[in-house]
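Following: one structure in structure tokens, then a few remarks.
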Amino acid sequence: MNSVNSTHQESTRRTGDQNQNLKNLSEAGVSVWLDDLSRERISSGNLAELIETKSVVGVTTNPSIFQAALSAGDSYDEQINELAARGADVDATIRTVTTDDVRNACDIFAPVYESTNGVDGRVSIEVDPRLAHDTDNTAAQAIELWKIVDRPNLLIKIPATEAGIPAISRTLAEGISVNVTLIFSVERYRAVMDAYLEGIEAAKAAGHDISTIHSVASFFVSRVDTEIDSRLDAIGTPEATELKGKAALANARLAYVAYQQVFETESRFQGLLSDGARPQRPLWASTGVKNPDYPDTLYVSDLVAPNTVNTMPEKTMDAFADHGTVDTESLVGRGPESQEVFDAISALGIDLTDVFLTLENDGIEKFALAWREVGEATHQQLDEARAR
1 MNSVNSTHQE STRRTGDQNQ NLKNLSEAGV SVWLDDLSRE RISSGNLAEL
51 IETKSVVGVT TNPSIFQAAL SAGDSYDEQI NELAARGADV DATIRTVTTD
101 DVRNACDIFA PVYESTNGVD GRVSIEVDPR LAHDTDNTAA QAIELWKIVD
151 RPNLLIKIPA TEAGIPAISR TLAEGISVNV TLIFSVERYR AVMDAYLEGI
201 EAAKAAGHDI STIHSVASFF VSRVDTEIDS RLDAIGTPEA TELKGKAALA
251 NARLAYVAYQ QVFETESRFQ GLLSDGARPQ RPLWASTGVK NPDYPDTLYV
301 SDLVAPNTVN TMPEKTMDAF ADHGTVDTES LVGRGPESQE VFDAISALGI
351 DLTDVFLTLE NDGIEKFALA WREVGEATHQ QLDEARAR
């Protein structure tokens, strides 16, 4: 821990200015988060440097990110050798190394957390994706991870599956801050916001200080274009081609309309404000462009509005730092035209319910596969360590 803190202190003494493009995005009300974490980022000072030079005020992780981190280099070898000597099994080893990384990242972001009154400076860790359809064990592991990391600026990531929705409410009711992940449809997003309010109401009834409970709702963006574009290509008409690349932004804009209705207009949340309740901010995830024909900053420049978060892979962040622009009229007030996009897509015979279910299932399977790969690699490392 001391080495992590000293690394941060050394970084904060650097005098490099914030990148102007990312600073402009931040000043427009968008919290810039990095969608990546590794021990190398922490120990090298890179994460602290991003805070100082790229306006980064938070970090998100997922099983794929940890899979990539654990399989690269030798940063984890010493700790895994120690855990092997103590007889730790695969699950305990993965839990220890990932929660240690997240705890250390939380410590690096602690000054941001304090200066923003808890709004930013957040680091997320996800429950085991194999539990995505298990309400009880998702909630139990969320509580366990909260206790293990033991930092107030942690967010526990819970997928917005049908089984995840009640787990979200239960976790919030315990006074635990939550990042709801894998949201693809506005319909499911509304269920997520309802679960958030239910959880906050339960936390209040249980005597928790609800002003300390924060949540973001991670609405996935680029994958929507990938899935719908492929279906438009299969149709192949000029009308279908004209709609390519429009669905993801339209979906996010309709989500922002729903956010404004629930947290800025409707009475349920307004009634909790006097107790210090915080709105559940929309977080734009999956913001790396998958189609090289689209601008590489599309899902950042065109999703600008106050009280939002954009979590970016480093490649996207660097692109925005280099040539990104801030369009403050890109999101607010775009509901009617966005609905027209989806009406046109539906009119072509594309089943949007199937689109969103496919995306959810694919997302869960992708993370579960990454988790299995982490387990297999860790098992091999433990065996090799014990054989020495």
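Per the UniProt record's numbering, numbering through the sequence shown is continuous, rising by one, with the last residue being 388. C-beta: ideal position from N, C-alpha, C; glycine also.
Practice task
Would you check if the stretch 282 to 302 and the stretch 318 to 326 touch, i.e. whether three or more CB-CB distances between them fall below 8 Å?
Solution key: Note that the stretch 318 to 326 touches the stretch 282 to 302; at least 3 beta-carbon pairs, one per stretch, sit closer than 8 Å.
Exercise for the section: Could you give the DSSP three-state label for H8: helix, strand or coil? Expected result: For the purposes of this step, residue 8 is identified with residue 8 of the sequence shown, where counting begins at 1. Annotation note: pLDDT 35 at H8 (below 50); position unreliable, no value reported.
Problem - Proximal residues to K23 (C-beta, below 8 Å), its chain only, five neighbours per side dropped - result: By one-based count along the sequence shown, residue 23 stands at place 23. Same-chain partners within the cutoff: S55.
Problem - Backbone secondary structure at I350 - three-state DSSP - result: Stepping through the sequence shown from its first residue, residue 350 is reached at position 350. Three-state DSSP puts I350 in coil, outside helix and strand.
Practice task
Return the residue from the list V102, E266 and E82 that minimises the CA-CA distance to L382.
Solution key: Mapped onto the sequence shown, residue 382 falls at position 382. When each option's Cα is compared against that of L382, the closest is E82.
Exercise for the section: Work out the CA separation of A85 and G245 for me, nearest whole Å. Expected result: Counting from 1 along the sequence shown, the entry for residue 245 is found at position 245. Counting from 1 along the sequence shown, the entry for residue 85 is found at position 85. A direct Cα-Cα distance of roughly 52 Å separates G245 from A85.
Exercise for the section: May I ask which residues mark the beginning and end of the alpha helix (DSSP H) holding F320? Expected result: Position 320 of the sequence shown, counted from the first residue, corresponds to residue 320. Residues E314 to H323.
Practice task
Give every residue of the same chain whose Cβ lies closer than 6 Å to the Cβ of P152, excluding the five residues on either side of it in the sequence, and list them in chain order.
Solution key: Numbered from its first residue, the sequence shown carries residue 152 at position 152. So no residue of the chain qualifies.
Problem - S38 - DSSP class collapsed to helix/strand/coil - result: Against the sequence shown, residue 38 aligns to sequence position 38. S38: coil per DSSP, three-state reduction.
Handout entry: Own chain partners of E373 with C-beta closer than 6 Å, once the 5 adjacent residues on each side are dropped
Key = Residue numbering aside, residue 373 sits at position 373 when the sequence shown is read from its first letter. Result list for E373: Q67, in chain order.
Exercise for the section: Report yes if the C-beta distance between I125 and V102 is below 8 Å; otherwise report no. Expected result: For the purposes of this step, residue 125 is identified with residue 125 of the sequence shown, where counting begins at 1. For the purposes of this step, residue 102 is identified with residue 102 of the sequence shown, where counting begins at 1. Against a cut-off of 8 Å, the Cβ pair of V102 and I125 comes out as a contact.
Handout entry: Boundaries (first-last residue) of the beta strand (DSSP E) holding I183
Key = In the sequence shown, residue 183 corresponds to position 183, counting from 1. Counting along the chain, the beta strand (DSSP E) containing I183 begins and ends at V178 to I183.
Exercise for the section: Check whether the Cβ atoms of A195 and V221 lie closer than 8 Å to each other. Expected result: The count along the sequence shown starts at 1 and reaches residue 195 at position 195. The count along the sequence shown starts at 1 and reaches residue 221 at position 221. With contacts defined as CB atoms closer than 8 Å, A195 and V221 fail to qualify as a contacting pair.
Exercise for the section: Classify L155 as helix, strand or coil using the three-state DSSP reduction. Expected result: For the purposes of this step, residue 155 is taken as residue 155 along the sequence shown, with counting starting at 1. Looking at L155 - three-state DSSP - the assignment turns out to be strand.
Problem - For V374, the residue or residues it bridges with in DSSP - result: For this step, residue 374 is matched to residue 374 along the sequence shown. According to DSSP, V374 bridges with nothing at all.
Practice task
Give every residue of the same chain whose Cβ lies closer than 7 Å to the Cβ of Y76, excluding the five residues on either side of it in the sequence, and list them in chain order.
Solution key: Residue numbering aside, residue 76 sits at position 76 when the sequence shown is read from its first letter. The residues are R39, L70 and V97.
Handout entry: Of the residues Q18, A139 and Y189, the one placed nearest S177, counting alpha carbons only
Key = Residue mapping note: residue 177 aligns to position 177 of the sequence shown, counting from 1. Among Q18, A139 and Y189, the Cα nearest to that of S177 is on A139.
Exercise for the section: State the beta-bridge partners of I210 as determined by DSSP. Expected result: As a first step, residue 210 must be located in the sequence shown, where it is residue number 210. I210 pairs with nothing; no bridge assigned.
Problem - Ordered list of alpha helix (DSSP H) runs contained in the stretch 51 to 132, each at least 4 residues - result: Counting only runs of 4 or more residues that sit fully inside the stretch 51 to 132, the alpha helix (DSSP H) segments are 63 to 71, 77 to 85 and 90 to 115, in chain order.
Exercise for the section: Could you check what DSSP says for V192 in three-state terms: helix, strand or coil? Expected result: Position 192 of the sequence shown holds residue 192. In the structure shown, V192 sits in a helix (DSSP, three-state: H, G or I).
Handout entry: Coil, strand or helix - N307 by DSSP
Key = Position 307 of the sequence shown, counted from the first residue, corresponds to residue 307. In the structure shown, N307 adopts coil according to DSSP, grouped into three states.
Handout entry: Beta-carbon gap between A202 and I183 smaller than 8 Å
Key = Here residue 202 corresponds to residue number 202 of the sequence shown, with the count starting at 1. Here residue 183 corresponds to residue number 183 of the sequence shown, with the count starting at 1. Between A202 and I183, the gap from beta carbon to beta carbon reaches 8 Å or more.
Exercise for the section: Examine the Cβ distances between the stretch 112 to 129 and the stretch 154 to 171 and report whether three or more of them are shorter than 8 Å. Expected result: Because the criterion of three Cβ pairs below 8 Å is met, the stretch 112 to 129 and the stretch 154 to 171 touch.
Exercise for the section: Drop a sphere of 10 angstroms on the beta-carbon of residue 390, count the other beta-carbons inside from all chains shown, and report buried for 16 or more, exposed for fewer. Expected result: The chain is shown from 1 up to 388; residue 390 falls before or after that span and cannot be answered.
Handout entry: Cβ-Cβ distance between A28 and V326 below 8 Å
Key = As a working note, residue 28 is residue 28 in the sequence shown. As a working note, residue 326 is residue 326 in the sequence shown. In this structure, A28 places its C-beta atom within 8 Å of the C-beta atom of V326.
Problem - Cβ neighbour criterion (16 or more within 10 Å) applied to S346 - result: By one-based count along the sequence shown, residue 346 stands at place 346. Exposed.
Problem - Beta-carbon proximity check, S169 vs G199, cutoff 8 Å - result: For the purposes of this step, residue 169 is taken as residue 169 along the sequence shown, with counting starting at 1. For the purposes of this step, residue 199 is taken as residue 199 along the sequence shown, with counting starting at 1. The Cβ atoms of S169 and G199 sit closer than 8 Å to each other.
Handout entry: C-beta atoms of V257 and M193 nearer than 8 Å
Key = The residue you call residue 257 lines up with position 257 of the sequence shown. The residue you call residue 193 lines up with position 193 of the sequence shown. Their beta carbons are not under 8 Å apart, which means V257 does not touch M193 by this criterion.
Handout entry: Nonlocal neighbours in the same chain, by C-beta distance under 6 Å from L359, ignoring five residues either side
Key = Start at 1 with the first residue of the sequence shown, and residue 359 comes out as number 359. Excluding residues within five positions, the ones whose Cβ falls inside 6 Å are F184, R223 and E227.
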